[in-house]
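Those protein sequences? They're chains A and B, same order as listed. If you're matching positions, the first sequence starts at 1 in UniProt numbering and goes up one per residue. If you're matching positions, the second sequence starts at 1 in UniProt numbering and goes up one per residue. We put the beta carbon where it would ideally sit given N, CA and C, even for glycine. Quick caveat: nothing in here was measured; it's all calculated off a predicted structure. Right, one structure below, let's go through it.
There are 2 protein chains.
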Amino acid sequence: MELENLLKQKGLKITDQRKAIVKVLKECGCMLSAREIFDKVKKIIPGVNFSTIYRNLDLMSQKGILCGLMVDTGVSLYGLRSEEGHHHHFVCKGCGRSLAIDYCPMGLLEKELAKKGFSHTEHQFVVYGFCGSCGTSGGVKAKSY
Amino acid sequence: MELENLLKQKGLKITDQRKAIVKVLKECGCMLSAREIFDKVKKIIPGVNFSTIYRNLDLMSQKGILCGLMVDTGVSLYGLRSEEGHHHHFVCKGCGRSLAIDYCPMGLLEKELAKKGFSHTEHQFVVYGFCGSCGTSGGVKAKSY
DNA sequence: ATACTTGCAAAGTATTTGCACGACG
DNA sequence: CGTCGTGCAAATACTTTGCAAGTAT
Numbered sequence: 001m002e003l004e005n006l007l008k009q010k011g012l013k014i015t016d017q018r019k020a021i022v023k024v025l026k027e028c029g030c031m032l033s034a035r036e037i038f039d040k041v042k043k044i045i046p047g048v049n050f051s052t053i054y055r056n057l058d059l060m061s062q063k064g065i066l067c068g069l070m071v072d073t074g075v076s077l078y079g080l081r082s083e084e085g086h087h088h089h090f091v092c093k094g095c096g097r098s099l100a101i102d103y104c105p106m107g108l109l110e111k112e113l114a115k116k117g118f119s120h121t122e123h124q125f126v127v128y129g130f131c132g133s134c135g136t137s138g139g140v141k142a143k144s145y
Numbered sequence: 001m002e003l004e005n006l007l008k009q010k011g012l013k014i015t016d017q018r019k020a021i022v023k024v025l026k027e028c029g030c031m032l033s034a035r036e037i038f039d040k041v042k043k044i045i046p047g048v049n050f051s052t053i054y055r056n057l058d059l060m061s062q063k064g065i066l067c068g069l070m071v072d073t074g075v076s077l078y079g080l081r082s083e084e085g086h087h088h089h090f091v092c093k094g095c096g097r098s099l100a101i102d103y104c105p106m107g108l109l110e111k112e113l114a115k116k117g118f119s120h121t122e123h124q125f126v127v128y129g130f131c132g133s134c135g136t137s138g139g140v141k142a143k144s145y
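Now the structure itself:
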C-alpha cells in the first residue's frame, strides 16, 4: 500500500515489475546490483526484461524512491531510500552486502569549498572492507586505486 | 628523471608509452579519463593502443605512481599520485576537471566501524559540483543517485 | 638472453535506446 | 482511449584478454 501511494504521488504507474523490484529490495535489506535485482525479480515475473529493470531503477532513483551508488568496480548498486534520509554506505568486499552509515562528512567541507568558489551539488562516500561474518579473509576484487 | 627512478624502483620498465602517460597527466594537472589520456598520448605517440593505456593505468595505480577514482557515471579518472599522500577529490560537473581535497573523513569513522565488527580497507569520497569558472550554469550529466 | 611490453583483434561486462505492442488510470 | 510502460533486439560505452612480435635491461 505504501508503495502504491508513493508511485502515484510521483506520477508513476503501478506495475507488477515495479512492485517486484521494491519487494526484492525490501526483502534483501541491502543494496543490490541491477543484475542481482533482475535475477530475483525473474523468480517473481519470469518474463521480465533487463531493460525494464534498468529503466525502473533509474526512474525510481530519480524520483527518490530508491537510491543508487556506484562502487569502484563500475557497478551500480541500488537500494530502498531509507526513511531517515541522507546517508552513506559500507560495502563488504567479502559478501558484497552493503550497510547504511549515518555519518556524512559534507557538513565540515561545504564552507571550505564555498570559500574556494566551488558549489556542491552531490557527493559520494563509500567505505570498503569486511563485515563481521567475512572477517579479513578472502577479499579479492578491489581495484588498487 | 624522477619518473625513471620511480618506475625502476617498482620493477617497471621505462617505455615511451609510460613516459607519455605521466607527461600528459603532469601537464594537465587534474584527473583524466582513460579515453582523454589515450587521445592526448596519441598526439605524442600516434600508434599507441588503447589497451596499452588501460594496462598501464592499472599497473601504475597498483604500484602507487598514479591514483584512480571511479566517478558516478562509471568512468574511471586517473591522476598523478600527489606527494602529500592520501586525499580525495572535487569533480566539476561543468568542465569535468577534478581537484584534490585534503580532508579525509575516515579518521572519525574508523573506530565506529570497528565497534560494529567491520574492518576498513579502502574508501572513496568524491564531491561533485561546479567550480568557479563554471558557475552553477550548464551542468547536465549527473545521475540522480 | 629473457622477461616485460606493446599492438592488434576479439571478447566481455554494464548499460542504453528505438520501436511496436500492451496495460494502467 | 490516451499516455505511460514493457519486451525484444540491437547498439553503445568502457574495459579486459590472448597472442605473437618487439624492446628494455
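> List, in order along the chain, the chain A residues whose C-beta lies closer than 8 angstroms to that of Lys93 (chain B)?
Replying inline: On the second sequence, position 93 is the one that residue 93 (chain B) refers to. Residues of chain A whose Cβ lies closer than 8 angstroms to the Cβ of Lys93 (chain B) are, in chain order, Thr121.
> Got a sec: is the Cβ-Cβ distance from Gln9 (chain A) to anything in chain B below 8 angstroms?
Replying inline: Locating residue 9 (chain A) in the first sequence gives position 9, counting from the first residue. Chain B, which has no Cβ nearer than 8 angstroms to the Cβ of Gln9 (chain A), makes this no.
>> Just to check my reading of the structure: Val126 (chain A) and His123 (chain B) have Cβ atoms closer than 8 angstroms, yes? What is that Cβ distance to the nearest angstrom?
In response: If you number the first sequence from 1, residue 126 (chain A) lands on position 126. If you number the second sequence from 1, residue 123 (chain B) lands on position 123. Under the criterion of beta carbons closer than 8 angstroms, Val126 (chain A) and His123 (chain B) qualify as touching, at roughly 6 angstroms.
>> Quick check on Ser133 (chain A): does DSSP put it in helix, strand or coil?
In response: The count along the first sequence starts at 1 and reaches residue 133 (chain A) at position 133. Per DSSP, reduced to three states, the secondary structure at Ser133 (chain A) is coil, with no helix or strand assignment.
> So Ile53 (chain A) and Ile21 (chain A) are in contact, right, with Cβ under 8 angstroms, and what is the actual spacing, rounded?
Replying inline: As a working note, residue 53 (chain A) is residue 53 in the first sequence. As a working note, residue 21 (chain A) is residue 21 in the first sequence. Going by Cβ atoms, the distance from Ile53 (chain A) to Ile21 (chain A) rounds to 7 angstroms, so yes, they are a contact pair.
> Would you say Pro105 (chain A) and Pro105 (chain B) are within 8 angstroms of each other, going by their C-beta atoms?
Replying inline: Counting from one through the first sequence, the residue named residue 105 (chain A) turns up at place 105. Counting from one through the second sequence, the residue named residue 105 (chain B) turns up at place 105. Yes; because the gap between Cβ atoms is below 8 angstroms, this pair is in contact.
>> So if I threshold CB-CB distances at 7 angstroms, which residues from the region 46–73 of chain B count as touching chain A?
In response: Of all residues in the region 46–73 of chain B, Ser61, Gln62, Cys67, Gly68, Leu69, Met70, Asp72 have a Cβ within less than 7 angstroms of some Cβ in chain A.
>> Would you say Cys28 (chain A) lies against chain B (beta-carbon separation less than 8 angstroms)?
In response: If you number the first sequence from 1, residue 28 (chain A) lands on position 28. Taking 8 angstroms as the threshold, the shortest C-beta distance from Cys28 (chain A) to chain B does not fall below it.
> Roughly how many angstroms separate the alpha carbons of Tyr128 (chain B) and Thr15 (chain B), rounded to a whole number?
Replying inline: Taking the first residue of the second sequence as position 1, residue 128 (chain B) is located at position 128. Taking the first residue of the second sequence as position 1, residue 15 (chain B) is located at position 15. If you take the alpha carbons of Tyr128 (chain B) and Thr15 (chain B), they lie about 35 angstroms apart.
> Given a threshold of 16 other Cβ atoms within 10 Å of its Cβ, counted over all protein chains shown, does Ala34 (chain A) qualify as buried or as exposed?
Replying inline: Numbered from its first residue, the first sequence carries residue 34 (chain A) at position 34. Around the beta carbon of Ala34 (chain A), 16 or more other beta carbons lie within 10 angstroms, which makes this residue buried.
> Taking the alpha helix (DSSP H) that residue 149 (chain B) falls in, what are its first and last residues?
Replying inline: Within the shown structure, residues of chain B are numbered from 1 to 145, placing residue 149 (chain B) beyond reach of any answer.
> Can you give the beta carbon distance from Gly79 (chain B) to Leu66 (chain B), rounded, assuming they're within the 8 angstroms contact cut?
Replying inline: Residue mapping note: residue 79 (chain B) aligns to position 79 of the second sequence, counting from 1. Residue mapping note: residue 66 (chain B) aligns to position 66 of the second sequence, counting from 1. Contact check for Gly79 (chain B) and Leu66 (chain B): beta-carbon distance about 7 angstroms, within the 8 angstroms limit, so the pair qualifies.
> How close, in whole Å, do the beta carbons of Leu12 (chain A) and Lys63 (chain A) come, if the pair is a contact with beta carbons under 8 angstroms?
Replying inline: Start at 1 with the first residue of the first sequence, and residue 12 (chain A) comes out as number 12. Start at 1 with the first residue of the first sequence, and residue 63 (chain A) comes out as number 63. Approximately 7 angstroms separates the beta-carbon atoms of Leu12 (chain A) and Lys63 (chain A); this is inside 8 angstroms, confirming the contact.
> Just by C-beta distance, which residues in the region 106–117 of chain B are closer than 8 angstroms to chain A?
Replying inline: Of all residues in the region 106–117 of chain B, those with a C-beta nearer than 8 angstroms to a C-beta of chain A are Met106, Leu108, Leu109, Glu112, Leu113, Lys116, Gly117, reading in chain order.
> When the Cα atoms are used, what is the spatial distance from Asn49 (chain A) to Lys115 (chain A)?
Replying inline: Here residue 49 (chain A) corresponds to residue number 49 of the first sequence, with the count starting at 1. Here residue 115 (chain A) corresponds to residue number 115 of the first sequence, with the count starting at 1. Within the model, the alpha-carbon separation for Asn49 (chain A) versus Lys115 (chain A) is close to 48 angstroms.
>> Is it buried or exposed, Asn56 (chain B), if we count other Cβ atoms within 10 angstroms and call 16 or more buried?
In response: Looking up residue 56 (chain B) in the second sequence gives position 56. It is buried - the Cβ of Asn56 (chain B) has at least 16 other Cβ atoms within 10 Å.
> Going by C-alpha distance, which of B:Gly132, B:Leu113, B:Lys26, B:Met31 is nearest Gly68 (chain B)?
Replying inline: Numbered from 1 along the second sequence, position 68 holds the residue referred to as residue 68 (chain B). Checking every option, the nearest Cα to that of Gly68 (chain B) belongs to B:Met31.
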